[in-house]
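A short worksheet on the structure shown next.
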Amino acid sequence: MSTVMSKQIRPLLHTNIPTSGGGGGGHLNTHLLRPPPPQKEKVVVVMGATGTGKSRLSIDLATRFPAEIVNSDKIQAYEGLNIVTNKITPEEQRGVPHHLLGLVNPNADFSASTFCDMASFAVRSISSRRKLPIIVGGSNSYIEALVDDGSHEFRSRYECCFLCVDVSIPVLHSFVSNRVDLMVEMGMVEEVRSFFDLSGNYSNGIRRAIGVPEFDRYFRMEGFVNEQVRVRMLQEVIREIKGNTRKLATRQLDKIYRLQNVKGWKLHRLDATDAFRKHGKEADEAWEHLVTGPSSVIVSRFLHNLDNAAALRPSPITTMTAVMTGASV
Numbered sequence: 001m002s003t004v005m006s007k008q009i010r011p012l013l014h015t016n017i018p019t020s021g022g023g024g025g026g027h028l029n030t031h032l033l034r035p036p037p038p039q040k041e042k043v044v045v046v047m048g049a050t051g052t053g054k055s056r057l058s059i060d061l062a063t064r065f066p067a068e069i070v071n072s073d074k075i076q077a078y079e080g081l082n083i084v085t086n087k088i089t090p091e092e093q094r095g096v097p098h099h100l101l102g103l104v105n106p107n108a109d110f111s112a113s114t115f116c117d118m119a120s121f122a123v124r125s126i127s128s129r130r131k132l133p134i135i136v137g138g139s140n141s142y143i144e145a146l147v148d149d150g151s152h153e154f155r156s157r158y159e160c161c162f163l164c165v166d167v168s169i170p171v172l173h174s175f176v177s178n179r180v181d182l183m184v185e186m187g188m189v190e191e192v193r194s195f196f197d198l199s200g201n202y203s204n205g206i207r208r209a210i211g212v213p214e215f216d217r218y219f220r221m222e223g224f225v226n227e228q229v230r231v232r233m234l235q236e237v238i239r240e241i242k243g244n245t246r247k248l249a250t251r252q253l254d255k256i257y258r259l260q261n262v263k264g265w266k267l268h269r270l271d272a273t274d275a276f277r278k279h280g281k282e283a284d285e286a287w288e289h290l291v292t293g294p295s296s297v298i299v300s301r302f303l304h305n306l307d308n309a310a311a312l313r314p315s316p317i318t319t320m321t322a323v324m325t326g327a328s329v
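Under full-length UniProt numbering, read the sequence shown as residues 1 to 329, first letter to last.
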């Protein structure tokens, strides 16, 4: 990483040989210039709606560059409910160190301010070890609070490369709905039941997560209805979870769209739609071709200060525009 993140060497001496007036001989004026400002530390930020493969991309990059990952999903920061919150498993992490993942008390209030403090510490720690911090997650308001803090401390210290994994709205909605079915098969109902509390508050802590409050009525009523009614009630819960997940994806895209088009963030869009349409080996090959490969090139150029405007010009987030033009949810 020392080669990747080395300082640029610039000349410190500038020599002028002006002509003196009155016929006298010339004289040499040597001006010591101030040293160039220190190069900013590098940070990669991976964004995208829920279900687009942000975690997968972050792992792909962290296995190609010396890097560690900082989670920026506020719900995944909580301990517990690994299925409901769709936390990346130890196997999927492939040995890459993760920070702010599954460590906050489930009943605590994990605010944006707390996240900024913890994430800033993690980024500083990673950079001090000459590794690349990769911030990844779907809580775009938390990412915005960190990057565009009021004191501009983060921007003054770090240079950010923003990657955005994008999937067309219809394909993404279909995927997240299928993912909910898979979560049910993996034991989501029993996992949520273990957290159920008759006096539980769904306005803070991990109980805010989609997939928790939707079960409240079901758990309260399941002991008083027959099996046929229970089955129907469970189906209604699952449909509600799917609908709320699709709405979450739409809100996330809306925020990303604003960061690019209102705040001027330079996002490098990776369209993964075709990879999501395929299966098995073909899907993996498409993901490498459309997402991991181009992202690796962008990050490599970013780390080597090879910012070519033509090569790295942010692509318009065309599929996100569907959110702004009345796409169904």
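Glycine included, each C-beta is placed from N, C-alpha and C at the ideal position. In this text, all values refer to a predicted model and were calculated from it rather than measured experimentally.
Provide the residue(s) that pair with Arg-269 in DSSP beta bridges, ordered along the chain.
For Arg-269, which the question treats as bridged, DSSP gives the partners Cys-164.
What number of angstroms, rounded off, separates the C-alpha of Ile-143 from the C-alpha of Gly-137?
When rounded, the distance between both Cα atoms is 8 Å.
Which term fits Glu-227, buried or exposed, when burial requires 16 or more other beta carbons within 10 angstroms of its beta carbon?
With fewer than 16 Cβ atoms within 10 Å of its Cβ, Glu-227 is classed as exposed.
Among residues of its own chain, excluding the 5 on either side of Ile-75, which ones have a beta-carbon nearer than 6 Å to its beta-carbon?
Contacts found: Thr-85 and Ala-209.
With 16 as the cutoff for other CB atoms within 10 Å, does Arg-269 come out buried or exposed?
Arg-269 is buried by the Cβ-count criterion.
Quick one, are the C-beta atoms of Arg-56 and Ser-296 less than 7 Å apart?
Their beta carbons are not under 7 Å apart, which means Arg-56 does not touch Ser-296 by this criterion.
For Ala-209, which of helix, strand or coil comes out of DSSP?
Look at Ala-209 here: in three-state DSSP terms it is coil, with no helix or strand label.
Which one of Trp-265, Thr-114, Glu-288 and Asn-261 has the shortest CA to CA distance from Thr-273?
Out of Trp-265, Thr-114, Glu-288 and Asn-261, the CA that lies nearest to the CA of Thr-273 is found in Glu-288.
Provide the residue span of the beta strand (DSSP E) that contains Ile-134, from first to last.
Start and end: 132–136.
Among the residues of its own chain, which have a CB less than 8 Å from the CB of Lys-242, if the five just before and after it don't count?
Taking C-beta separations shorter than 8 Å and ignoring five residues to either side along the sequence, the partners of Lys-242 in its chain run Val-176, Ser-177 and Val-180, following chain order.
If you run the structure through DSSP and keep just helix, strand and coil, what is Gly-48?
Strand at Gly-48.
On the DSSP bridge list, what partners appear for Val-43?
The partner list for Val-43 (beta bridge, DSSP) reads Cys-160.
Please classify Tyr-78: is it buried, with 16 or more other beta-carbons within 10 angstroms of its beta-carbon, or exposed?
Under this definition Tyr-78 is a buried residue.
Can you tell me the Cβ-Cβ gap for Ser-139 and Asp-73, rounded? I've got them flagged as a contact below 8 Å.
Asp-73 and Ser-139 do touch by the CB rule: their CB atoms are close to 5 Å apart, below 8 Å.
Work out the CA separation of Phe-162 and Arg-301 for me, nearest whole Å.
Cα-Cα distance, rounded: 13 Å.
What first and last residue would you give for the beta strand (DSSP E) that runs through Ile-69?
DSSP places Ile-69 inside the beta strand (DSSP E), whose first and last residues are 67–71.
Just curious, the alpha helix (DSSP H) that Gly-293 is in, first and last residue?
Counting along the chain, the alpha helix (DSSP H) containing Gly-293 begins and ends at 293–303.
Where Tyr-218 falls: helix, strand or coil (DSSP):
Here Tyr-218 sits in helix by DSSP.
Val-55, enclosing alpha helix (DSSP H) - first and last residue:
Note that residue 55 is Ser in the sequence shown, not Val. Run containing Ser-55: 54–62, per the alpha helix (DSSP H) assignment.
Touching by the beta-carbon criterion (3+ pairs, under 8 Å), the segment 42–51 and the segment 108–118
Touching, no.
Here's the rule: buried if 16 or more other CB atoms are within 10 angstroms of the residue's CB, otherwise exposed. What is Met-188?
Here Met-188 is buried, its C-beta having at least 16 other C-beta atoms within 10 Å.
Strand pairing of His-98, partner residues [DSSP]:
BP columns for His-98 point to Ile-69.
Tell me which residue opens and which closes the alpha helix (DSSP H) that Arg-251 is part of.
Under the DSSP assignment, Arg-251 falls in the alpha helix (DSSP H) whose first and last residues are 227–261.
Would you list the residues sitting across from Tyr-202 in a DSSP beta bridge?
Bridge partners of Tyr-202: none, in fact.
Under 6 Å: does the beta carbon of Ala-283 sit that close to some heavy atom of the ligand NAD?
Absence of the ligand NAD is noted for the structure shown, with no ligands found whatsoever.
Mapping DSSP to helix, strand and coil, what is Val-192?
Of the three classes helix, strand and coil, the one that applies to Val-192 here is helix, per DSSP.
Residue span of the alpha helix (DSSP H) that contains Asn-178, given as start and end
Per DSSP, Asn-178 belongs to the alpha helix (DSSP H) from 169–185.
Taking DSSP as the reference, what is the three-state secondary structure of Val-147?
In the displayed model, Val-147 falls within a helix according to three-state DSSP.
Do you know whose CA, among Glu-282, Ile-135, Cys-164 and Ile-59, lies nearest Glu-91's CA?
Nearest of Glu-282, Ile-135, Cys-164 and Ile-59 to Glu-91, Cα basis: Ile-59.
Does Tyr-158 pass the burial test, meaning 16 or more other C-beta atoms within 10 Å, or should it be called exposed?
Its Cβ being crowded by 16 or more others within 10 Å, Tyr-158 is buried.
Could you say which of Lys-87, Ala-122 and Thr-114 lies nearest to Ala-67 if we only look at CA atoms?
When each option's Cα is compared against that of Ala-67, the closest is Ala-122.
Lys-40 versus Ser-156: straight-line alpha-carbon distance, rounded
So the alpha carbons of these two residues sit roughly 8 Å apart.
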